[in-house]
Amino acid sequence: MNKNKLIEQYGFLFEEELIDEMDKVGKYISVPADKEIIDIGDELTHIPLLLSGAIKILREDEDGDELLLYFIEKGDSCAMSFSCGIEGKRSEIRAVSESDSEILMIPVMYMELWMANYRSWRNFVIDSYHARTKELLETVDTIAFLKMDMRILKYLQDKAKVIGNDLLNTTHERISQDLHTSRVVVSRILKKLEKDGKIKLFRNEIKVIEL
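Take the sequence shown: its position 10, counting from 1, is numbered 10 in this note's numbering, and each next residue is one higher.
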């Protein structure tokens with residue numbers, strides 16, 4: 001992992017001078033799938049720029065149950081981390097790698113400095129806020145208006161798109177946790193979706209046929 005991947009994913013967004021600064025002050029890390037990157041309550045010292053892979057962003061209720069908010073794909077970052085980082089607050093979300101991922105961690109101290117010095121960075125942060133707000137509204141609409149079978153299908157379709165693979169390595173238990181429902185309900189609906197020809201079930205894998 002090196003500067004080439006940074007240029008590949010962000011070179012068209014940021015000027016060369018900013019890319020050079022990112023490469024100089026950032027820390028390149030590799031994380032395996034299902035690895036926790038940021039937890040709720042953590043002090044935010046760095047902001048992630050995703051170079052490859054995918055990350056899911058989760059919230060947690062008072063009982064410790066998780067709810068998936070949205071996915072982050074390569075070439076993107078987490079707007080909620082921006083917000084907490086700028087305000088000096090502890091993390092309000094949990095970030096977990098959905099697949100093997102490569103990340104450039106940028107110290108939060110550079111966020112406001114770059115907002116003032118680089119219009120491209122300011123636009124990136126604003127665009128990230130807008131994109132995440134739209135996704136959060138879609139999540140609310142999905143919970144409020146879609147039946148559980150459509151919620152599960154959309155979840156599988158979104159996951160397939162963000163990792164770039166229609167064969168998902170996941171379990172019924174993992175889906176139930178992300179969507180805040182029971183494993184029994186998930187298993188029943190997955191069987192129905194398979195019968196309808198929308199997915200194909202394998203052991204710990206699901207192939208999404210209808211994308």
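Beta carbons are placed, not taken as given, at the ideal position from N, Cα and C, and that holds for glycine. Keep in mind the model is a prediction, meaning the values are calculated, not measured.
The alpha helix (DSSP H) enclosing residue i, as first and last residue numbers
| i | result |
| --- | --- |
| Tyr-110 | 109-117 |
| Glu-21 | 16-25 |
Given residue i as reference, the closest of the options once Cα atoms are compared
| i | options | result |
| --- | --- | --- |
| Glu-62 | Glu-92, Tyr-118, Glu-210 and Glu-205 | Glu-92 |
| Phe-71 | Val-25, Met-150, Gly-164 and Glu-87 | Gly-164 |
| Leu-67 | Pro-48, Val-96 and Arg-90 | Val-96 |
| Glu-43 | Lys-74, Val-184 and Gly-88 | Gly-88 |
| Val-184 | Lys-161, Lys-198 and Met-148 | Met-148 |
| Ile-126 | Ser-81, Val-208, Tyr-155 and Lys-27 | Ser-81 |
| Glu-36 | Lys-56, Asp-166 and Met-115 | Lys-56 |
| Glu-138 | Leu-69, Asp-178, Tyr-118 and Arg-174 | Leu-69 |
| Lys-74 | Arg-188, Lys-207, Pro-48 and Glu-17 | Pro-48 |
| Asn-4 | Lys-191, Leu-168, Asp-23 and Ile-143 | Asp-23 |
| His-130 | Ile-40, Glu-16, Ser-83 and Phe-14 | Ser-83 |
| Arg-203 | Leu-6, Leu-190, Arg-94 and Pro-107 | Leu-190 |
| Ser-213 | Ile-152, Ser-101 and Lys-195 | Outside the displayed range of the chain (1 to 211) lies residue 213, so it cannot be described from this structure. |
| Val-108 | Lys-27, Arg-59, Leu-193 and His-172 | Lys-27 |
| Val-162 | Phe-14, Leu-13, Ala-54 and Glu-17 | Ala-54 |
Residue range of the beta strand (DSSP E) that includes residue i
| i | result |
| --- | --- |
| Lys-191 | Careful: Lys-191 lies outside any beta strand (DSSP E), inside the alpha helix (DSSP H) at 183-195. |
| Ile-212 | The requested residue 212 is not part of the displayed model; the chain covers only 1 to 211. |
| Lys-198 | From DSSP, Lys-198 is part of no beta strand (DSSP E); its letter is neither H nor E. |
| Glu-205 | 205-208 |
Residues bridged to residue i (per DSSP)
| i | result |
| --- | --- |
| Glu-87 | In DSSP, Glu-87 forms no bridge with anything. |
| Ser-52 | Glu-102 |
| Glu-43 | Arg-90 |
| Ser-176 | For Ser-176, which the question treats as bridged, DSSP gives no partner whatsoever. |
| Ser-81 | Partner(s): none; Ser-81 has no beta bridge. |
| Tyr-129 | None, per the DSSP bridge assignment. |
| Ser-97 | Ile-55 |
| Ile-163 | Per DSSP, none; premise fails for Ile-163. |
| Leu-68 | Leu-58 |
Residue i - DSSP class collapsed to helix/strand/coil
| i | result |
| --- | --- |
| Lys-154 | helix |
| Asn-169 | strand |
| Glu-92 | coil |
| Ile-143 | helix |
| Lys-35 | coil |
| Glu-62 | coil |
| Lys-74 | coil |
| Leu-211 | coil |
| Leu-13 | coil |
| Ser-30 | strand |
Residue i: CB within 7 Å of a non-hydrogen atom of the ligand MN
| i | result |
| --- | --- |
| Lys-24 | No copy of the ligand MN occurs in the structure displayed, which carries no ligand at all. |
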